[in-house]
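Residue numbers (the numbering used here), protein chains in the order written: chain A, 1 to 390; chain B, 1001 to 1390.
The C-beta atom is built at its ideal place from N, Cα and C for all residues, glycine as well.
A short write-up of the structure that comes next.
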């Protein structure tokens, strides 16, 4: 059991000051008086407010990022003690939940004071965002505030895509925990053990190795490959000839890893061994191309070409994506994403092969884009698929 | 390690047919042609689609509930295999993510076909809801579809508040797992152990006892009470004289429990012992009043009165709430919530006492409202606070 932190918890205030300065420079350029943030990662990005209490959908939480000065929190009273531990100084609270006025008039007052009567307020409106407040209240609030709301022009998204070294250290810590948990899978998974039991035991390994919590685990164990990569576990036992796949997003100090590992139960057919080796080799080869200046689209094309040479890519929709404060965030490895890779981007490389009808195999690693070749945050898998007791 | 299911996984199709019939009757009454659902619990409530993949914010998912006929799924292709295992028959997919059109035109087409050119579509817009899709796409979609969108008048919220016996069985299973994990806390928590380690070990106990995953754990360990109930754990070790509180929402087959337990480290002062006994006795006494016909407001007043007799209620905002597919859902025990209790509602009773500046103690149990006294889903705590090794 890991008793000491792998990295210092949280961030120094300078980290938040840097993020704020970059945001404010972009806001000034776009003529925005403030950003209004409602979603967990966006609020945390500018405040450091880290709690699992977002699991409760009842209360809305608001962070205002003004074009000058520090962010202002407008939050339920239950969060005041924790918010006071962050670098945020201006904290307004109300007694939530309040069916008649759940922060709406307080937020309108505060925002109006900050922006003036004709203020322009940006909110994240693009891919991967949502407005975490009831639509009824959003409508009421817009009317009440009298301000102009529009898109944040992707400011928050673009900032969050480039990780600082302190953020990268946290993702590396999360990946290291998953590395150690995956190395111990032979202890917990053999033929005859129910897949649901394997899922429980694997999450226990992640915790024992230092995960704060395990928000994501998916996988499958089926003969000669599996049908999909997002299903929860059923009670069916692992069988000789299965390919077991475990894909985890565990969290350490608020940052995710996201990668999977495949295992053969008992023994692996030559086709499975070849597919696994091809996936691992594809990942390593494509990683060589993942450098500043290359686009997501180009990386996708290179990966798809290598997969076609074997048996064709899966139809899961993409061959990798960004990660960080969320399991998936930022760019997508798809042909239509022309994002240019930059140093500090953390992405997954996630090639998948179609092995037959309803039979796929997917492999995944996490890397950070650097000047030169990328830096692996997960320890790359060996080409030989590991074999579990049959 | 629990290897066999505590209850059969999922629900028979009749469960979904019953939910659908009730929704459609209310929709017909309100003149709605369809409901459009985007949030995880709402989509799952009418489809049975259960996956942890919602952790990824990248892709939107849509379920249409028409005023007659079965629900229709409009989802990313990556979810098709899993959705085909539910009772849903009409499944439309697109290759997500698609930066140019992430399901918007497909959803508009399908919904337009179902509702006709002047259809009225209800969406959940009230407390605890949000629209899980980008606001940009929501605006585009409304224009494209040419339909009229408004509130679902709380139809989904009201339905979800009354649990079926099959749902209650799942919540009871989740509570039983937490009961067993709490009983084993003395194995993992003693003076000198870091609170973060206690959190990790406690989640491992929950998994070992049968949790599918542990979406929520909060708590604290401080001298003579704690400052708040939503903080994550730090590395500080438990000390003699601390009150340790662990509050968990674990999931079994898609349903939550939500209750906490307090422990004294080493020994407990008389004041702590009295406070704990008062909280437990308050819970039991107020539970007697939690019967059909009583309002949430009345139950709140009864609980607040008993807490005032000791040292006053906390300012955490409410003294209990509904639970089920989410950690918190449905009614709130606050003075402004006049919801009338009905059989089948599952709620938490969560009294909290203020013990001094920044010192509170909170206790929580889960019950289902029945004709007559409620049925405890958590095994009620003893009045004597359990003492851990000092």
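Less than 7 Å between C-beta atoms, sequence neighbours within five positions excluded: which residues of the same chain meet that for residue 80/A? 91, 93
Cβ-based neighbour list, residue 138/A, same chain, cut-off 8 Å, excluding 5 preceding and 5 following: 131
So what does DSSP say about residue 1193/B, is it helix, strand or coil? coil
Can you check whether the C-beta of residue 1126/B is within less than 8 Å of a C-beta belonging to chain A? yes
Starting from residue 1270/B, trace the alpha helix (DSSP H) in both directions and tell me its first and last residue. 1270-1289
Cα-Cα separation between residue 350/A and residue 1302/B, rounded to whole angstroms: 56 Å
Give me the residue from 112/A, 190/A, 50/A with the minimum Cα distance to residue 64/A. 112/A
8 Å Cβ cut-off: residues of chain A touching residue 1318/B: 97
Rounded to whole angstroms, what's the CA-CA distance from residue 134/A to residue 1026/B? Just pull it up for me. 21 Å
Residues in the same chain with beta-carbon distance under 7 Å from residue 181/A, minus the five sequence neighbours each way, listed in chain order, please. 202, 205, 206, 209
Any chance the stretch 140-150 of chain A sits against the stretch 337-351 of chain A, with 3 or more Cβ pairs inside 8 Å? no
Threshold first: 4 residues or longer. Then list the alpha helix (DSSP H) segments lying entirely within the stretch 1097-1175 of chain B, N to C. 1104-1115, 1135-1145, 1155-1161
Return no unless some Cβ of chain B is closer than 8 Å to the Cβ of residue 132/A. yes
Cα separation between residue 374/A and residue 343/A? 9 Å
Mark residue 1042/B as exposed unless 16 or more other C-beta atoms lie within 10 angstroms of its C-beta, in which case mark it buried. buried
Buried or exposed: residue 267/A, going by 16 or more other Cβ atoms within 10 Å of its Cβ? exposed
For a cutoff of 8 Å on Cβ pairs, would you count residue 1214/B as touching chain A? yes
Looking at residue 1257/B: is its Cβ nearer than 8 Å to the Cβ of residue 1382/B? no
So, are the CB atoms of residue 307/A and residue 224/A less than 8 Å apart? no
Distance, residue 300/A Cα to residue 319/A Cα: 7 Å
Should residue 1363/B be flagged as near chain A, meaning a C-beta pair shorter than 8 Å? no
For residue 122/A, which of 101/A, 46/A, 66/A has the nearest alpha-carbon? 66/A
Could you work out which residues of chain B lie near residue 249/A, taking near to mean beta carbons separated by less than 7 Å? 1055
Cα-Cα separation, residue 392/A to residue 219/A: Residue 392/A lies beyond the residue range present for chain A, which begins at 1 and ends at 390; the question has no answer from this structure.
Assumed close pair residue 401/A, residue 1058/B - CB separation to whole angstroms, cut-off 8 Å: Look at the range of chain A in this structure, 1 to 390, and you will see that residue 401/A is not part of it.
Any Cβ of chain B within less than 8 Å of the Cβ of residue 190/A? no
From which residue to which residue does the alpha helix (DSSP H) around residue 1369/B run? Residue 1369/B -> no alpha helix (DSSP H), and no H or E assigned at all.
Spatial neighbours of residue 1048/B within its chain, please: CB distance less than 7 Å, with the 5 preceding and 5 following residues excluded, ordered by chain position. 1010, 1011, 1016, 1086, 1087
Residue from 293/A, 31/A, 198/A, 240/A whose Cα sits closest to the Cα of residue 1211/B: 198/A
Tell me the residue span of the beta strand (DSSP E) that contains residue 246/A. 242-252
Provide the residue span of the alpha helix (DSSP H) that contains residue 1261/B, from first to last. No alpha helix (DSSP H) contains residue 1261/B, which is instead part of the beta strand (DSSP E) from 1259-1265.
Counting contacts by CB-CB distance shorter than 8 Å, is residue 200/A in contact with chain B? yes
Taking only beta carbons into account, state which residues of the stretch 54-85 of chain A come closer than 9 Å to chain E, listed in chain order. Looking for chain E here will not work: the only protein chains present are A and B.
Is the Cβ of residue 1294/B closer than 8 Å to any Cβ of chain A? no
Pull up the distance between the alpha-carbon of residue 46/A and that of residue 293/A, whole angstroms please. 28 Å
Could you name the residues that DSSP lists as bridge partners for residue 221/A? 244/A
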